[in-house]
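Working notes, beginning with the structure itself.
Residue numbers (my numbering): 5 to 336.
So, in structure tokens, the structure goes:
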């Protein structure tokens with residue numbers, strides 16, 4: 005497992021998830037398996053997956069494990085039935101297409117900052133760099149800007165704390181839980197509770213600032229502002245706070261923005277770069293599409309054009325530490 009392999013889709017799944025791959029290979033795409041004392045049904049057919057995800061009143065989430073994991077993330081991902089439906093409805097406005105389009109400048113600014121960093125570290129002839137730390141910072145900054153807007157710096161600090169919390173979360177999730185262990189003042193337990201309280205105070209401060217802006221007539225297009233506006237509208241329509249989210253529930257949804265988006269988007273971008281390295285003709289198609297966008301959005305011509313600083317990507321072997329590295333040729 006520690007040795008490099010030739011690039012092939014057939015080799016990725018067995019190395020990333022060997023147990024699941026072995027089970028499905030031996031027993032079929034839909035099969036039954038035990039995870040310790042817990043039975044589970046594995047399904048891979050898209051229609052069945054869709055049915056399970058949409059019928060949350062029928063297919064309930066697994067309950068159990070270490071209660072400390074709730075300190076890292078809860079929100080919509082943890083709710084069921086009516087509460088899930090209510091939170092889903094209140095969150096939906098933030099992800100409408102027109103709202104997402106308003107966030108494009110934040111994505112563009114974050115992309116430009118990452119490309120500028122690359123431009124400073126590569127030579128005229130091209131250099132090899134480990135892009136993974138840059139991609140992680142890119143996704144974290146993009147989420148911070150779109151989630152908290154003008155409170156970007158506070159949001160960045162929140163997500164840095166959440167990143168540390170997620171590291172502790174995975175350690176806790178993978179360890180055997182002894183009932184009552186969460187109450188012991190171990191170093192890990194104390195740190196998770198400390199981060200939980202710090203994040204809560206920071207998000208609460210941003211929420212209070214946003215509420216004062218609403219009262220003064222100001223409006224913003226970041227995720228938090230849209231969520232607060234949607235929640236306030238729900239409360240006003242029904243005339244009682246019990247029909248909307250509590251402050252703590254809003255805080256949990258903000259934490260979920262990071263949990264759901266940071267690692268998944270980073271991995272997706274890394275995989276996209278691998279495929280671009282493997283298929284150089286796709287790079288040409290992407291540049292052609294970027295040129296069309298420049299023609300359609302002349303007001304963003306200068307900024308979008310900066311994407312062309314990355315002239316070529318070539319696949320290279322893993323670095324000495326096992327990290328993915330890529331070679332860039334950029335004009336100086």
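Each residue gets a CB set at the ideal place from its N, CA and C atoms; glycine is no exception. All values derive from a computational prediction rather than experimental measurement.
1. For residue 46, report the span of its beta strand (DSSP E) as first-last.
2. Of all the alpha helix (DSSP H) runs that stay within the bounds of the region 50-124, which reach a length of 4 or more residues?
3. Buried or exposed: residue 70, going by 16 or more other Cβ atoms within 10 Å of its Cβ?
4. Quick one: grab the DSSP three-state call for residue 203.
5. So, for residue 325: in the same chain, excluding its five sequence neighbours on each side, which residues have a beta-carbon less than 7 Å away from its beta-carbon?
6. Compute the distance between the beta-carbons of residue 170 and residue 263, then report whether it is under 8 Å.
7. Would you call residue 315 buried or exposed, if buried means 16 or more other Cβ atoms sit within 10 Å of its Cβ?
8. Provide the residue(s) that pair with residue 35 in DSSP beta bridges, ordered along the chain.
9. Can the beta-carbon of residue 78 be found closer than 8 Å to that of residue 256?
10. Report yes or no: do three or more beta-carbon pairs, one from the region 217-229 and one from the region 239-253, lie closer than 8 Å?
11. Hey, which unbroken runs of the alpha helix (DSSP H) at 4 residues or more fall wholly within the region 122-172?
12. On a CA-only basis, which of 16, 72, 57 and 63 is nearest residue 2? Give me that one, please.
13. Can you tell me which of the three DSSP states residue 188 falls into?
14. Can you name the start and end residues of the alpha helix (DSSP H) that residue 263 belongs to?
15. Who are the near neighbours of residue 153 in its chain, counting only those whose CB is closer than 6 Å to its CB and skipping five residues on each side?
16. Does the region 109-118 come close enough to the region 268-288 that 3 or more CB-CB pairs lie under 8 Å?
17. For residue 204, which residues from the same chain have a beta carbon less than 7 Å from its beta carbon, with the 5 sequence-adjacent residues on both sides left out?
18. In this structure, does DSSP put residue 224 in helix, strand or coil?
19. Under 8 Å: do the region 161-180 and the region 211-223 share three or more Cβ pairs, one atom per stretch?
20. Return the chain-ordered list of same chain residues with a C-beta closer than 6 Å to the C-beta of residue 304, the five sequence neighbours on each side being excluded.
21. Please determine, among 26, 193, 24 and 149, the residue with the shortest C-alpha to C-alpha distance to residue 107.
22. Going by Cα to Cα distance, which pick from 30, 175 and 144 is closest to residue 162?
23. Enumerate in chain order the residues of its own chain whose CB-to-CB distance from residue 206 is below 8 Å, with the five nearest sequence positions on each side excluded.
24. Quick check on DSSP: helix, strand or coil for residue 390?
25. Which residue's Cα is closest to the Cα of residue 40: 222, 178 and 132?
26. Pick helix, strand or coil for residue 30, following the three-state DSSP scheme.
27. Let me know the secondary structure DSSP gives residue 248 once reduced to three states.
28. How many angstroms separate the CA atom of residue 136 from the CA atom of residue 280?
29. Considering only the beta carbon of each residue, do residue 103 and residue 109 sit closer than 8 Å?
30. Have a look at residue 80 and residue 26 and give me their C-alpha separation to the nearest angstrom.
In short:
1. 42-46
2. 50-58, 85-95 and 101-106
3. buried
4. helix
5. The predicted model places residue 325 with a pLDDT of 41, which falls under 50 and marks its position as unreliable, so this point remains unresolved.
6. yes
7. Low confidence applies to residue 315: its pLDDT is 49, below 50, so where it sits in the model is not reliable enough to give any reading.
8. Paired residue(s): 46.
9. yes
10. no
11. 136-152
12. This structure cannot settle anything about residue 2, because the visible part of the chain is limited to 5 through 336.
13. coil
14. Element bounds for residue 263: 251-282.
15. 224 and 226
16. no
17. If the five residues before and after residue 204 are omitted, its C-beta is found closer than 7 Å to the C-beta atoms of 255, all from its own chain and listed in chain order.
18. Residue 224 falls in the coil class under three-state DSSP.
19. no
20. For residue 304, the pLDDT reaches just 47, beneath the cut-off of 50, and the residue's location in the model is therefore unreliable, leaving the point undetermined.
21. It is 149 whose Cα lies nearest to the Cα of residue 107.
22. 144
23. 158, 161, 162 and 165
24. One cannot answer for residue 390 here, as it falls past the ends of the chain, which runs 5 to 336.
25. 178
26. helix
27. coil
28. 15 Å
29. no
30. 32 Å
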